[in-house]
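Just so we're aligned: 134 in my numbering is position 152 of the sequence shown, and the numbers increase by one with no gaps anywhere.
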Amino acid sequence: MKETVLTDRDIRQLLDATPPLLEGIRDRTTQIQPCGVDLSVRTVSGFESGGAMGYDNADRTLAAATPLPWSDGWLELPAGPYHIVYNEQVNLPGDIMALAYPRSSLMRCGVTVYSAVWDPGYSGRAEALLVVHNPHGFRLKQGARVVQLVFTRLAEPVGSRYEGRFHGENI
-17 MKETVLTDRD IRQLLDATPP LLEGIRDRTT QIQPCGVDLS VRTVSGFESG GAMGYDNADR
43 TLAAATPLPW SDGWLELPAG PYHIVYNEQV NLPGDIMALA YPRSSLMRCG VTVYSAVWDP
103 GYSGRAEALL VVHNPHGFRL KQGARVVQLV FTRLAEPVGS RYEGRFHGEN I
């Protein structure tokens, strides 16, 4: 078998698996795309400190962040970086990895989301970096769909699944 990007049909099948590929999808019709699933925003936080990264994890310090309060379900975000947590919980089996891409509507507003590789075996409610580049700011509604998560089935299951610090995060 060769690597393949999962289609909407593959995703729908895996949503009914145990554990499901994703939990907490609000509306399958809206969120499932031809080759991915839109993830939505649960929380947005502002950074309160710096962080640090060395060669190994002993030298890693994560930046502190404080959740921003929603006002009638909205946030007015000035230009700058923000820490976000998604609503949906992802459960990747040993033969599937994922990458998140910002929705094009965000980019058309001068906003993007940065994410990292989602390794096989990862399970959790992931986090990402939302950056408002637009000097006029950005208005974000709680639950807005901000990225499309694209899944790739690997040619074979990995030898060791993800078991790092962020496994099970935000559950």
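We treat Cβ as the ideally placed atom computed from N, Cα and C, and that holds for glycine.
Predicted model only: the values in this text are computed from it and were never measured.
C-alpha gap between residue 67 and residue 58, whole angstroms: Locating residue 67 in the sequence shown gives position 85, counting from the first residue. Locating residue 58 in the sequence shown gives position 76, counting from the first residue. Distance between the alpha carbons of residue 67 and residue 58: 17 angstroms.
Please identify the residue among 135, 8, 116 and 149 whose C-alpha is closest to the C-alpha of residue 107. To locate residue 107, count along the sequence shown from 1; it is residue 125. Answer by Cα proximity: 149.
DSSP-derived helix/strand/coil call for residue 73: Along the sequence shown, one-based indexing puts residue 73 at 91. Here residue 73 sits in strand by DSSP.
Which term fits residue 33, buried or exposed, when burial requires 16 or more other beta carbons within 10 angstroms of its beta carbon? What you label residue 33 is simply residue 51 of the sequence shown in a count that begins at 1. Exposed, by the Cβ-count rule.
If you count every other CB in all the chains shown that lies within 10 Å of the CB of residue 117, and 16 or more means buried, which is it? By 1-based counting over the sequence shown, the position of residue 117 is 135. The residue is exposed, with fewer than 16 neighbouring Cβ atoms inside 10 Å.
Coarse secondary structure for residue 124, derived from DSSP in three states: Residue numbering aside, residue 124 sits at position 142 when the sequence shown is read from its first letter. In this structure, residue 124 counts as coil in the three-state DSSP scheme.
Rounding to the nearest angstrom, what Cα-Cα distance links residue -12 and residue 18 in this structure? Along the sequence shown, one-based indexing puts residue -12 at 6. Along the sequence shown, one-based indexing puts residue 18 at 36. Straight through space, the alpha carbons of residue 18 and residue -12 are spaced by roughly 7 angstroms.
Pick out the complete beta strand (DSSP E) segments inside the segment 72 to 112, 3 residues or longer, and give them in chain order. 78 to 84 and 93 to 96, all fully within the segment 72 to 112.
Is the CB-CB distance between residue -7 and residue 3 below 8 angstroms? On the sequence shown, residue -7 is found 11 positions in, with the first residue counted as 1. On the sequence shown, residue 3 is found 21 positions in, with the first residue counted as 1. Taking 8 angstroms as the cut-off, the beta carbon of residue -7 is found closer than this to the beta carbon of residue 3.
Would residue 94 and residue 72 be called neighbours here (beta carbons separated by less than 8 angstroms)? Reading the sequence shown from its first residue, position 112 is the one you call residue 94. Reading the sequence shown from its first residue, position 90 is the one you call residue 72. In this structure, residue 72 does not lie closer than 8 angstroms to residue 94 by Cβ.
Grab me the residues of residue 43's own chain with a C-beta within less than 6 angstroms of its C-beta, minus the 5 sequence neighbours each way, in chain order. Walking along the sequence shown from the start, residue 43 turns up at place 61. Here the set comprises 33 and 34.
Report buried or exposed for residue 65, applying the criterion of at least 16 other Cβ atoms within 10 angstroms of its Cβ. Within the sequence shown, numbered from 1, the residue matching residue 65 stands at position 83. Buried, by the Cβ-count rule.
Proximal residues to residue 26 (C-beta, below 6 angstroms), its chain only, five neighbours per side dropped: As a working note, residue 26 is residue 44 in the sequence shown. The beta carbon of residue 26 is closer than 6 angstroms to those of 50, 57, 64 and 66 in its chain, skipping five residues each way along the sequence.
Relative to the C-alpha of residue 70, which candidate in 126, -14 and 39 has its C-alpha closest? Taking the sequence shown and counting its residues from 1, the one referred to as residue 70 is at position 88. For residue 70, the nearest C-alpha among the options comes from 126.
Given a cut-off of 8 angstroms, decide if residue 101 and residue 144 are closer than it, judged by their beta-carbon atoms. Mapped onto the sequence shown, residue 144 falls at position 162. Mapped onto the sequence shown, residue 101 falls at position 119. Using a Cβ distance threshold of 8 angstroms, residue 144 and residue 101 count as a contacting pair.
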